[in-house]
Amino acid sequence: MRVTLHKKLLFGFFIMLLLIGCVGYMGYSTMQYTTEHYTDVMSNRAKTVIDMQEMIEGAKREQELALSYVLTGNEDLKKLSLANRKGFDPLWQSLDSATKRSEGRELLATMKEKHDKYVTIIDKVFVLFKQNNEEEMLRLIRTELQPTSGSLSVAGDKFKALQLWQMRYASWLNSLKDQLIKLQS
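The sequence shown begins at 18 in the working numbering and counts up one residue at a time.
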């Protein structure tokens with residue numbers, strides 16, 4: 018069977034149209050995915066970074082209130098410290114639901130563990146203050162409370178750095194998408 022030049026050209030033209038259609042579809046779907054990923058990352062990660070900053074500041078505020086209570090004996094400061102602690106539950110839930118990557122979940126679990134230890138130490142300080150056991154209370158503050166507070170801040174900073182890196186990556190993907198759109202125009 019002999020195929021004429023006309024049929025070969027027509028077949029080649031249809032193959033080229035098919036390839037151009039495939040490349041166009043892949044480019045469009047990639048840009049669509051990038052846009053969705055970018056908006057997800059920028060909205061969720063920004064909220065996550067803000068929540069983590071609130072957690073770190075809340076822990077520092079709780080420590081300041083607890084130490085002020087120990088120094089002055091003012092019961093209102095203890096109540097403020099305990100009320101401040103109640104604000105952590107919604108933040109933990111928000112951070113847990115927003116964190117999808119395994120390394121972020123590991124950091125979050127480490128932070129939760131350190132925060133629970135931190136809360137336990139502050140509760141022990143309150144008990145020792147009520148018992149007038151000043152030496153043990155000061156030892157607990159120096160040897161356990163301050164190092165735990167520092168390690169909690171370090172873990173929080175690592176978590177924030179991870180979220181910020183993901184935001185920069187998403188921003189880079191979005192700028193790459195914009196460049197591809199310009200090239201196609």
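Ideal Cβ placement from N, Cα and C applies to all residues, glycine included.
1) Let's see if you can read the secondary structure: which residues bound the alpha helix (DSSP H) around N101?
2) Hey, is the stretch 36-50 in contact with the stretch 145-163, meaning 3+ C-beta pairs nearer than 8 Å?
3) So, for D187: in the same chain, excluding its five sequence neighbours on each side, which residues have a beta-carbon less than 7 Å away from its beta-carbon?
4) State buried or exposed for A126, treating a residue as buried only when at least 16 other CB atoms are found within 10 Å of its CB.
5) From N150 to L124, what does the alpha carbon distance come to, in whole angstroms?
6) Ends of the alpha helix (DSSP H) at I139?
7) Output the distance between the C-alpha atoms of L97 and L82, rounded to the nearest integer angstrom.
8) So the candidates are L84, S46, K95, G75; which of them puts its Cα closest to the Cα of W109?
9) In terms of residues, what are the limits of the alpha helix (DSSP H) holding M154?
10) Evaluate K24 with the Cβ neighbour count: other Cβ atoms within 10 Å of its Cβ, from every protein chain shown; 16 or more gives buried, anything less gives exposed.
11) Where does T21 sit, in a helix, a strand or coil, going by DSSP?
In short:
1) In the sequence shown, residue 101 corresponds to position 84, counting from 1. Where N101 is concerned, the enclosing alpha helix (DSSP H) stretches over 92-103.
2) no
3) Residue mapping note: residue 187 aligns to position 170 of the sequence shown, counting from 1. The residue you asked about is not Asp; residue 187 is Ala in the sequence shown. Here the set comprises H54, Y55, V58, M59.
4) What you label residue 126 is simply residue 109 of the sequence shown in a count that begins at 1. So A126 counts as exposed.
5) Reading the sequence shown from its first residue, position 133 is the one you call residue 150. Reading the sequence shown from its first residue, position 107 is the one you call residue 124. Near 35 Å, if we compare the C-alpha coordinates of L124 and N150.
6) To locate residue 139, count along the sequence shown from 1; it is residue 122. Where I139 is concerned, the enclosing alpha helix (DSSP H) stretches over 119-147.
7) For the purposes of this step, residue 97 is taken as the residue at position 80 of the sequence shown. For the purposes of this step, residue 82 is taken as the residue at position 65 of the sequence shown. Going by the C-alpha atoms only, they are around 7 Å apart.
8) Taking the sequence shown and counting its residues from 1, the one referred to as residue 109 is at position 92. Selected option, being the one with the closest Cα: G75.
9) By one-based count along the sequence shown, residue 154 stands at place 137. Run containing M154: 151-157, per the alpha helix (DSSP H) assignment.
10) Taking the sequence shown and counting its residues from 1, one reaches residue 24 at position 7. Per the 10 Å Cβ criterion, exposed.
11) As a working mapping, residue 21 is identified with position 4 in the sequence shown. DSSP places T21 in coil when its eight states are reduced to three.
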